[in-house]
Amino acid sequence: MKLVVGVLMAGMLSTAMVATAAPTPATVSLERSVTLITGDRVVVLDSAGTARTVVPGTGRQRTAFSTYQRDGHMFVVPVDAKTLVAQGRLDERLFDVTLLLESGYDDGSRPTVPLIVTHAPGAAPMRVAGTTTTANLAAVNASAVTADKSGAAWRSLVGSDVRKVWLDRKRKASLDRSVAQIGATAAWQAGYTGAGVKVAVLDTGVDETHPDLASREIGQRNFSDSPDNVDRAGHGTHVASTIAGTGAKSGGKYKGVAHGASVLDGKVLDDQGYGYDSQIIAGMQWAVEQGAKIVNLSLGGTDTPEVDPLEEAVNSLSAKHDTLFVIAAGNSGSDESIASPGSADAALTVGAVDRADNLAEFSSRGPRTGDTAIKPDITAPGVGIVAAKATQSGGTPVEDGYLGASGTSMATPHVAGSAALVAQSHPDWTGGQIKAVLTASAKPNPGLNAFQQGSGRVDVPTALAQSVTTTPTNVSLGRQSWPYGVSVSKALAYHNFGKTDVTLDVTVNAMAADGKPAPVGLLTVSPSKVTVPAGGDAAVNVTANAGQYGQPGAYFGSVTALSNGAVLRTPVALDRETESYTATINQVGLDGAPATGYDTRLFGLRTGQTYQLSDLDGSATVRLPKDDYMIDSSLVTGDRINWVVHPSFRLVGDSTVELDFRRVRQFAVTPPDPTAALRLGQVGFVRTADRTVFGWLLESDLGRLWTAHVGPAVPQRDFTTMVNTQWVNPVGDFYGLAFYPGGSFPTGFVRAVKRDQLAHVRTSFGGGPQGKTGMRYVYPRDRSGEGHGAYASLVPVKLPSDRNEYYTTEGVSWEPALWQMSPDNRYVELFLGGPVRSYQSGRTYHESVNRGVFGPAMPPSRSATDYVVRSGNTISARLPLLGDSAGNVGIGVAESGSMVLYRDGAVVGESASYSSGTFTVPAEPGEYRLTSEAVRSKDISDVTTHVRAAWTFRSAALGANPARLPVSTIRFTPALDQNNSAPAGRWFFLPVTVQQQNSGTATIPRSLSVEASFDGGLTWTSATVVANALALVQHPNDATTVSLRAKATDRAGNTAEHTIINAYKLS
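When we follow the working numbering, the leftmost residue of the sequence shown carries the number 1, and every step to the right adds one.
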């Protein structure tokens, strides 16, 4: 089996510092894997998800992979899935390795891939091999299935009539004074309590045993992965209490908005507050079948421009059942961050305000992703909300039985309860009508815009008295195309459900994003006066007029209708397009005809926006802002991958670009050894400014890749191409041949490398317990030290053994690593990562890996958080206690271990991991002692079976940026054989080096002491230390191991102490 490993711009230590499935808390994991729907497996080596291997699925050894990075997420897309993603038939998130790990879809967490498979309306769900159906999602013409990770489902889905395959994503759960704030008490006095109205709470469950909810729940069902409906998270109980709690336990103090309403308890989120899309949709279907008039969804996830299954369910169930879905806007707090499914058209989407109606800092803002529509629709109190605490949930009560919480999750039930009051008042109304009256009657904060508050804060008394509403509930005029030569208009209809005619004086006002008034004449409304008959409608037109009115960007305001002192405000928003032009992209196939089946993306180098074109008739037009663009286009023909890159296309007017695939030329790189076989072929590029990384990865036959550069060359500092090939011959010799041509993308690439152009590295691998094997990988970096998304072949090596390695040297350096594998090769027992090396061609170097003495090592790292650092009042420690004598960072599986930080003799905090700890400390100066120890099984290593380290230093508050603390390591570098043994019965020299963390050079300590033990640390003998650099130890004849203990004090009085039990063997 061949593995490919990739490390993307990671710090040296960060490639090792991760946690794996652990028999004890001290066990450190060095990799996690994610199997894609195709059956291909991506193995991730670090917690940042930047180092990975790719293992093709069974029968897919020739599969190529498109790899790219976007918004901090790494995607790995097999070539046979790429076009389907571009066509919209496959959810791109199925190949988002970062998201899959964050969601707990890795192989260690679940054995299947959760999917939502959609089909045509009215069509029977397709039976897909390798899957188990978990739910029928009729609301969205889909089935929820789990696919095994063999790839059988992929083989069945390809070429089928399935409309689209989605990742079944996870969503997360996103009152005394607040009830009065929205006017609910006035509604109660008028006799409205929500009586007779069913409100479904789809959440983490509802604690029906709480006195406030004991009489409210009329039905329950569990859709989550938890075993029952019990609310152990507490979120759902808090929400339900805000809607319908009776306040019985508090004597009425914490009474819900609609305390007479009935609650349907649908548990769609598990005990940790997470639920799958399919579970939420199933709960929504159940709620409407049970007759819910209002459904509260205080949950969400990241929105994307397309209508996802959850959004589709909101829209379809709202229309079919006249149900109102009240949904949280989200807690991201930034512009254009409305969460899905609150982004659905039919949703009544709720933002959060504080007690003064000021927008909560965390409340997600609009516009909606993709079309600049107005969201949220309304706001409600969501800061410091007190409501019922579930019996089995955590948290500190504000008083017995009640918990305070903040979030749009808390604001949403205020609106759901308000909707229930309106529903009681108007039992024949649809959900859409209830939404309309709540938004029409909301109280706006004049200091907020429509993308922050929608219509404003919910106002129950006004809603109950309101007789006129609008359709739509807000006027999203969308984007007015530059140079604004065409007006944009939208109708706004007023509905009068009162018994007398209403005459309205209608005006429109708006402001720019900077708060200044919009230019006069930009927005107009006509007619300016309308009479809305009783029980009838009247309409006006809201228009963004043609002409040069002000600057590009967002404008928002309201259409205001006045009638006898009553005010009805409807939010309005307009996005005036920045200077933009039409780009026509002509794609020419290999035969000279218009290409089909291509996948083309344009990347705005200033805006950072991505634009996708796919599988059109060879020509596509796209409207783009004035900018410089990079164009990446690929066309797969049979087994051949054709790839054209235009590094910099400047759009300053309507333009045409031709991407002619006839210009591509073949790749050919050959090593000096004709017996060497390709283990990895990778071609990629990166735009330096934004670190955007794209590439293709092949494990065999680099000649399948044909490439071409289109357009002018760009400065080498702005654009870097990487050609990375790795080879192994039958006897195990390795060839790393990497090149970094700059300024242009290669039109083909031919290199016949000669041996005298390479550096020769003779690498000696130390051994461990008998029969151990390792996995060796080395990946390249360019002259600046950047990895640029480089991958590397993972090659088995015997431990101990020697290997010849040959490397290119011009403009390239190399970063090596070694895994020691478990006997069944299922997990990594030890990671050893070396610093970046630069070589000279024609020279021979000798290096060692996995040779003792193993102990703390903190060599130079590119990561600012390595190793012991302080940021403000936080001390973080990432401690590699198992580095080898060559200075490679080392971290591995331990049977037990711990880390403790002391300040002035008192414990500050503890960590169950020996390698990682984060501690909050006082700002004042103090004397600190940091200790860490790890115990290893002798099945993993017969040396350094127990290591203890301690450091003392003074520290006080520093700035926010990480600053390294005065911590040193004591390293022993004796001449041991490959089995980490030295001769017994003679004097032995132990070179000793003291190094500050993140340094590759020795420092001279003020004092250094060394002791040796020949009975596993029971008794110790002082060693003679010469010049603080060399210890002299006499080995007895009858001992089998030597343990070492050392203490170093620097000139500032900081100390380091290391104890290494069974540091090396005697023979």
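All residues carry an ideal CB built from backbone N, CA and C; glycine is no exception.
- Your pair residue 1027 and residue 970 does not check out as a contact, with CB atoms roughly 15 Å apart and the cut at 8 Å.
- Its chain contains 224, 225, 226 as the residues whose beta carbon lies nearer than 7 Å to that of residue 270, once the 5 sequence neighbours on both sides are disregarded; these appear in chain order.
- Take residue 932, set aside five residues on each side of it, and the residues of its chain with a beta-carbon closer than 6 Å to its own are 879, 899, 914, 949, in chain order.
- In chain order, 605, 648, 650 place their CB closer than 6 Å to the CB of residue 628, counting only its own chain and leaving out the 5 sequence neighbours on each side.
- The beta carbon of residue 377 sits closer than 6 Å to the beta carbons of 348, 349, 439, 454 from its chain, once the five residues preceding and following it are set aside; these are given in chain order.
- Note on residue 1005: 16 or more other CB atoms within 10 angstroms of its CB, so buried under the neighbour-count rule.
- Beta-bridge analysis with DSSP links residue 267 to 203, 222.
- Only buried fits residue 997, as 16 or more other CB atoms lie within 10 angstroms of its CB.
- For residue 800, the CB contacts under 7 Å within the same chain, skipping 5 residues up- and downstream, are 765, 766, 767, 978, 979 in chain order.
- Beta-carbon to beta-carbon, residue 602 and residue 622 are separated by about 7 Å, close enough to satisfy the 8 Å threshold.
- For residue 604, the enclosing beta strand (DSSP E) has its first and last residue at 599-604.
- Secondary structure note for residue 238: its alpha helix (DSSP H) is the uninterrupted segment 235-244.
- Cβ contact annotation for residue 726 (same chain, cutoff 6 Å, sequence separation greater than five): 679, 680, 736, 793, in chain order.
- In this structure, DSSP gives residue 564 a state outside helix and strand, which the three-state scheme calls coil.
- Excluding residues up to 5 positions away in sequence, 953, 1054 lie with their Cβ nearer than 6 Å to the Cβ of residue 966 in the same chain.
- The residue among 140, 138, 155, 938 with its C-alpha nearest the C-alpha of residue 36 is 155.
- Only exposed fits residue 730, as fewer than 16 other CB atoms lie within 10 angstroms of its CB.
- Every alpha helix (DSSP H) stretch that sits fully inside the stretch 97-145 and reaches 4 residues is listed by chain position as 97-102.
- A contact is defined here as three or more CB-CB pairs under 8 Å, and the stretch 247-262 fails this definition with respect to the stretch 158-167.
- Taken atom to atom, the span from the alpha-carbon of residue 476 to that of residue 130 is near 45 Å.
- Every beta strand (DSSP E) stretch that sits fully inside the stretch 642-691 and reaches 3 residues is listed by chain position as 655-660, 665-670, 677-687.
- Pairwise C-beta distances place the stretch 312-319 out of contact with the stretch 259-268, as fewer than three of them are shorter than 8 Å.
- For residue 279, the number of other beta carbons within 10 angstroms of its own is at least 16, and it is reported as buried.
- The Cβ atoms of residue 982 and residue 1036 lie no closer than 8 Å to each other.
- Shown here, residue 331 sits in coil according to DSSP, grouped into three states, outside any helix or strand.
- In this chain, residue 519 is not harboured by any beta strand (DSSP E), its DSSP state being neither H nor E.
- Within the DSSP secondary-structure output, residue 380 pairs in a beta bridge with 352.
- For a cut-off of 8 Å, the C-beta gap from residue 857 to residue 890 is around 6 Å, short enough to register as a contact.
- From the listed residues 828, 724, 784, 235, the smallest Cα separation to residue 862 is found for 784.
- With contacts defined by Cβ atoms closer than 8 Å, residue 318 and residue 346 form a contacting pair.
- Under DSSP, residue 875 forms a beta bridge with 870, 919.
- For residue 418, the uninterrupted alpha helix (DSSP H) run begins and ends at 408-425, by DSSP.
- For residue 283 against residue 307, the beta-carbon gap comes to about 19 Å, at or over 8 Å, which does not count as contact.
- Secondary structure of residue 705 (DSSP, three-state): strand.
- Counted as a single uninterrupted DSSP element, the stretch harbouring residue 781 is not any alpha helix (DSSP H) but the beta strand (DSSP E) occupying residues 773-782.
- Taking a 10 Å sphere around the C-beta of residue 583, we find 16 or more other C-beta atoms and assign the residue as buried.
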